[in-house]
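Novice: For the sequence shown, full-length UniProt numbering gives the first residue as 1, with consecutive numbering after it. Positions of the beta carbon are idealized from the N, C-alpha and C atoms, including for glycine. There's a structure below that I have some questions on.
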Amino acid sequence: MDSHKDVYVPTYVLLGSNDSAGRQNTTVKLDGTNFLEWSQSAKLTIEGRGKLGFITSKEVKPKPEDPNYSKWEQDNLLVMSWLGEKLVAMYFSSLQSVWEEIDHLEALEWKDPIDAKQYRKCIEKNRVFDFLVGLNADYDFTRQHILSADILSLSTAYSLVQNEESRRCHDASSCQ
C-alpha cells in the first residue's frame, strides 16, 4: 500500500506561486474610513487563494505534536502578512462604525455647552477603554502606558497602538 495515500493533506498546505508576503493583496487601501470596502476586497483576495478558513477559523489549528502544525503556522503567518499592518486599523474602524451608530441613536441636544463638552469627554474616555480592552495581550505594555497618561485621547491611544503594531511588523522576528 502506498503510504502517501494515507496522508491527509489539509487545504492550508497548498500554496501557489502568488502566495507571497510581499505581494499587494487588495486594490483597496484601508484608510480608516473605508473598512467595509477594504474588508470585502481583502476577503475576496484571501478566499481566491484558498485561505479564507484562516480568518473565519474554519481551518482549525492543529496541536503542536501534529505533523501539519508547522505548515499551518507558516500559512497562518502568510495570511497575517497579507493583511499587513492593518489588524489594529480593522479593529478600530469596526469600533468607529459601532460608535457612529450609537451616536446616531443617542443624539442628544444640550442646552448647556459645558455639560455637552463634559459628556463628550466622558464618552471619549469610555471609548478609549473600549478600544484598549479589545486588544490582545501583545499590547499590554502599550495599554498600560496609555492608561497611565494624564490625558486619555482616543486619537492618541489609537496612534500609540498603531505605532506599536508597525514596530512589531517591522521587527524581522515578528513578520517572517
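Per DSSP, what kind of secondary structure is LEU95 in: helix, strand or coil?
Specialist: Reading the sequence shown from its first residue, position 95 is the one you call residue 95. In the three-state DSSP reduction, LEU95 falls in the helix class (H, G or I).
Novice: If distances are taken between C-alpha atoms only, which option among ILE114, ILE55, SER153 comes closest to TRP82?
Specialist: Residue 82 sits at position 82 when you count from the first residue of the sequence shown. With distances taken between Cα atoms, TRP82 lies closest to ILE55.
Novice: CB-CB under 6 angstroms to LEU152, same chain, minus the five flanking residues each way: which ones, in chain order?
Specialist: Taking the first residue of the sequence shown as position 1, residue 152 is located at position 152. LYS125, VAL128, listed in sequence order.
Novice: Would DSSP call ARG143 helix, strand or coil?
Specialist: The sequence position of residue 143 within the sequence shown is 143, counting from 1. Reduced to three states, the DSSP call for ARG143 is helix.
Novice: Does the region 44 to 60 come close enough to the region 102 to 111 that 3 or more CB-CB pairs lie under 8 angstroms?
Specialist: Not touching, per the Cβ criterion.
Novice: Given that a residue counts as buried once 16 or more other Cβ atoms are within 10 Å of its Cβ, and exposed if not, what is ALA157?
Specialist: The residue given as residue 157 occupies position 157 in the sequence shown. So ALA157 ends up on the buried side.
Novice: Does THR33 pass the burial test, meaning 16 or more other C-beta atoms within 10 Å, or should it be called exposed?
Specialist: In the sequence shown, counting from the first residue as 1, residue 33 sits at position 33. The residue in question, THR33, is exposed, as its Cβ has fewer than 16 Cβ neighbours within 10 Å.
Novice: Considering Cα atoms alone, identify which of LEU132, GLN162, ASN136, ASP138 is closest to SER148.
Specialist: Residue 148 sits at position 148 when you count from the first residue of the sequence shown. It is LEU132 whose Cα lies nearest to the Cα of SER148.
Novice: Quick one: Cα of GLU165 to Cα of LEU87, how far?
Specialist: For the purposes of this step, residue 165 is identified with residue 165 of the sequence shown, where counting begins at 1. For the purposes of this step, residue 87 is identified with residue 87 of the sequence shown, where counting begins at 1. Distance between GLU165 and LEU87, taken at the CA atoms: about 8 angstroms.
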